[in-house]
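First comes the structure, then the notes that go with it.
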Amino acid sequence: MAKPLKTPSVLVTDDNPDNRVMAIECFRALLPHAYPDEAGNGEIALNLVREKIRLTGKSYDLIMMDYQMPGLNGQETTLKIREMEASLKEEEKSIIITWSAAKISPYEQANAIVKKPLIKDDLELLLIEYGYILNE
């Protein structure tokens, strides 16, 4: 049984609403006090990150980023987020998780990858790795 250690701010970015719902449900099951924001494309994600930095001085703790989206794809969005975060301290930057059925490694400047369809156990392992939950 996993025990939440801290509650991250989370952004789930995917153009498929069903995928966003599935990811949010997994986050909520593992981190009951987390209330993830969601974005249906890269432009919306960039606007949310920009606003988060403006209001709090830091980016989201975790961002799940789909690859294939209309407009900006996940790689392009990830690089633009990293540009926005350039002036932030390391602990104020996002952990960006590539979320893809086809890719086998994270995007450039992303921290991790999780496969689609999302399996809660895979997300749990990442949350353990990054110190958000404790595996008991």
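Count along the sequence shown from 1, then add 656; that gives the number in the working numbering. No residue lacks a Cβ here, since even glycine has one placed at the ideal position from N, Cα and C. In this text, all values refer to a predicted model and were calculated from it rather than measured experimentally.
Check	Outcome
Residues that M678 bridges to, as DSSP identifies them	M678 pairs with nothing; no bridge assigned.
First through last residue of the alpha helix (DSSP H) which encompasses M740	730-740
First and last residue of the uninterrupted beta strand (DSSP E) at N791	789-791
Under the three-state DSSP convention, the category K771 falls into	strand
Limits of the alpha helix (DSSP H) - the one that E699 falls within	698-712
Three-state class that DSSP yields for P673 in the structure shown	helix
Reduced DSSP secondary structure (H/G/I, E/B, other) of D693	strand
Beta-carbon gap between D671 and P726 smaller than 8 Å	yes
M740 versus L702, Y763, L687, residue with shortest Cα-Cα distance	L702
beta-carbon I752 near the ligand FAD non-hydrogen atom, thresh 7 Å	This structure simply doesn't include the ligand FAD, nor any ligand for that matter.
Span separating the alpha-carbon of L687 from that of I789	8 Å
Own chain residues within Cβ distance below 6 Å of I751, not counting five before or after	L718, N767, Y786
Given P629 as reference, the closest of E732, E780, E746, D777 once Cα atoms are compared	The chain is shown only over 657 to 792; residue 629 falls outside these bounds and no answer can be derived.
Residue(s) in a DSSP beta bridge with I751	L718
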